[in-house]
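Structure, as structure tokens:
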Amino acid sequence: MQLMGHGEWRTPHLLLILTAIHLAAASTIKAHQPAFLSPLPRLSKEINRRRTPFRAVATEESLVGTANLDWEALRFEYLPTDGYCVYRYTAEKGWDDGRMEQEPYISLHVGATALHYGQAAFEGLKAFHCKDGKVRMFRPLDNARRLQRSAERLMMPPVPENIFIYACRQAVLANLAYVPPYGTGGSLYLRPVLIGSSPRIGVQPAEEYTFFVMVIPVGDYYKGGLQPVSAWVVEGYDRAAPQGVGAYKVAGNYAADLLPNSIGKSKGFPIALYLDAKENRYIDEFSTSNFIAVTQDGNTYVTPESPSILPSITNLSLMELAKDEGLDTQRRPVPIEEVGSFSEVAACGTAVIITPIDRIVHKDKTYVVRGPDGRPVGPVFERLYRRVRGIQYGEEADKFGWMVPLIDR
68 MQLMGHGEWR TPHLLLILTA IHLAAASTIK AHQPAFLSPL PRLSKEINRR RTPFRAVATE
128 ESLVGTANLD WEALRFEYLP TDGYCVYRYT AEKGWDDGRM EQEPYISLHV GATALHYGQA
188 AFEGLKAFHC KDGKVRMFRP LDNARRLQRS AERLMMPPVP ENIFIYACRQ AVLANLAYVP
248 PYGTGGSLYL RPVLIGSSPR IGVQPAEEYT FFVMVIPVGD YYKGGLQPVS AWVVEGYDRA
308 APQGVGAYKV AGNYAADLLP NSIGKSKGFP IALYLDAKEN RYIDEFSTSN FIAVTQDGNT
368 YVTPESPSIL PSITNLSLME LAKDEGLDTQ RRPVPIEEVG SFSEVAACGT AVIITPIDRI
428 VHKDKTYVVR GPDGRPVGPV FERLYRRVRG IQYGEEADKF GWMVPLIDR
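Taking the numbering used here, the leading residue of the sequence shown gets 68, the next gets one more, and so forth.
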């Protein structure tokens with residue numbers, strides 16, 4: 068059954084979920100409509116032929132948080148939900164109409180290129196239950212475009228923006244019960260994934276591809292406010308070659324980081340920092356996050372420039388907010404020895420927005436990061452962090468148009 072999955076859904080909210088999906092299919096994302104390649108695809112008429120009549124009208128307000136999880140105890144870890152949205156592509160027919168699947172497994176050929184040659188890319192974004200009761204996604208079009216770049220680099224068919232947005236919306240709507248309610252500090256994490264799914268034994272691109280979006284409820288990482296951590300500069304390993312795939316969100320980049328990151332954690336460092344592979348002097352980025360810093364006078368936002376760095380949507384957002392507050396912004400090479408001159412240093416990414424860094428250890432040298440007031444968490448990043456969260460939860464006006472609603476009323 069198109070966009071529904073096999074068998075009956077086990078969730079008690081079937082009627083409401085189906086109606087919510089039906090409402091969403093008829094809506095558009097007005098703020099971003101010019102960017103779509105074509106109108107959002109409609110749901111299959113198969114839905115309307117189900118034996119269950121539509122008698123209840125679902126809204127985000129009625130379903131959010133009804134899974135009754137311990138929202139305060141959520142972490143950034145996998146939890147089962149009610150299903151995921153999946154599309155399949157063939158060279159002959161292109162992208163299909165998509166469907167919702169309930170069981171958390173994918174049937175994959177043993178010779179799939181994703182398994183043998185790492186033909187796999189993914190994204191990460193979040194949906195939030197906002198102060199006004201609506202559920203919105205944070206900058207999904209930027210994620211769609213970044214996945215397209217990654218796909219092209221690995222010779223995979225780029226997922227059209229309208230399909231990407233639609234799949235994300237469907238995945239969230241089908242799992243509204245797992246969206247942490249406003250006030251808990253949590254959010255629904257979306258993981259869109261694109262893989263080569265047909266067999267190849269020779270090194271060449273697949274002919275068939277699978278794109279799916281799974282969701283996971285995650286909690287507030289900093290329940291007691293921003294907490295600084297110490298970082299270790301990785302030795303003996305490179306994150307990416309200068310002309311490699313470091314600037315793309317491909318699966319292999321993260322597999323290669325598992326060992327160095329584990330070594331750092333065994334030394335007591337929760338986060339690892341990589342230098343450039345060519346000179347081993349200039350900062351690239353942390354294992355899963357961009358490097359950002361503030362100059363000692365508090366007037367300039369600095370982030371490294373390198374062909375091996377993944378363009379972070381969180382970093383881009385923080386830079387735009389910094390400019391909005393009158394700060395200068397610089398994207399330039401940052402030598403490791405400059406770290407000690409910054410008043411604030413942090414890692415930034417989707418999972419936690421900002422992770423302040425109070426100390427960076429490089430070989431036998433330790434760089435301590437402190438502002439003029441001696442605080443380990445500086446005022447600039449703390450302020451920018453609050454603003455991003457304020458926009459995400461609808462507590463601050465979204466003057467940049469970053470938040471995309473699930474249902475336009």
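Every residue gets a Cβ at the ideal spot worked out from N, C-alpha and C, and that includes glycine.
Inset, instruction - Round the Cβ separation of Ile427 and Leu385 to the nearest angstrom and send it over; I've been treating them as touching at under 8 Å. - result: Not confirmed; about 19 Å, so no contact.
Inset, instruction - For Ser329, count neighbouring C-beta atoms within 10 Å of its own C-beta (all shown protein chains included) and say buried if the count is 16 or more, exposed if not. - result: exposed
Legend entry - Secondary structure of Thr162, DSSP reduced to three states: Strictly speaking, residue 162 in this sequence is Trp, with Thr absent from that position. If DSSP states are grouped into helix, strand and coil, Trp162 belongs with the strands.
Legend entry - Residue from Asn242, Gly132, Pro247 with nearest C-alpha to Cys54: No answer is possible for residue 54: it lies beyond the span of the chain, which begins at 68 and ends at 476.
Inset, instruction - Assign Thr495 to buried or exposed, taking buried as 16 or more other Cβ atoms, counted over all protein chains shown, within 10 Å of its Cβ. - result: Only positions 68 to 476 of the chain appear in the structure, and residue 495 is not among them; the question remains open.
Inset, instruction - Return the CA-CA distance between Val282 and Lys316, expressed in angstroms with no decimal places. - result: 18 Å
Legend entry - Three-way DSSP call (helix, strand, coil) for Pro67 in this model: Missing from the structure shown is residue 67; the chain here goes from 68 to 476 and no further.
Legend entry - Contact set for Asn382: own chain, Cβ-Cβ below 7 Å, skip 5 residues either direction: Asn357, Ile359, Thr370, Cys415
Inset, instruction - Taking Val285 and Thr422 to be in contact with their CB atoms under 8 Å, please state how far apart those CB atoms are, rounded to whole angstroms. - result: Not a contact, Cβ separation roughly 15 Å.
Inset, instruction - Tell me where the alpha helix (DSSP H) around Gly185 begins and ends. - result: First-last for Gly185: undefined, no H or E at that position.
Inset, instruction - Answer with buried or exposed for Leu325, where buried requires no fewer than 16 other C-beta atoms within 10 angstroms of its C-beta. - result: exposed
Inset, instruction - Output yes or no for whether 8 Å exceeds the beta carbon distance between Tyr256 and Ala134. - result: no
Inset, instruction - Answer yes or no: do Thr251 and Trp138 have a C-beta to C-beta separation smaller than 8 Å? - result: yes
Legend entry - Complete runs of the alpha helix (DSSP H) confined to the region 307-374 [at least 4 residues]: 318-333
Legend entry - First through last residue of the alpha helix (DSSP H) which encompasses Ile380: 380-391
Legend entry - Per DSSP, the bridge partner or partners of Ile427: Ala298, Tyr434
Inset, instruction - Would you mind working out which of Tyr434, Asp209, Glu352 sits nearest Ile376, comparing C-alpha positions? - result: Glu352
Legend entry - Residue closest to Ser254, alpha-carbon to alpha-carbon, out of Glu168, Ser129, Tyr460: Tyr460
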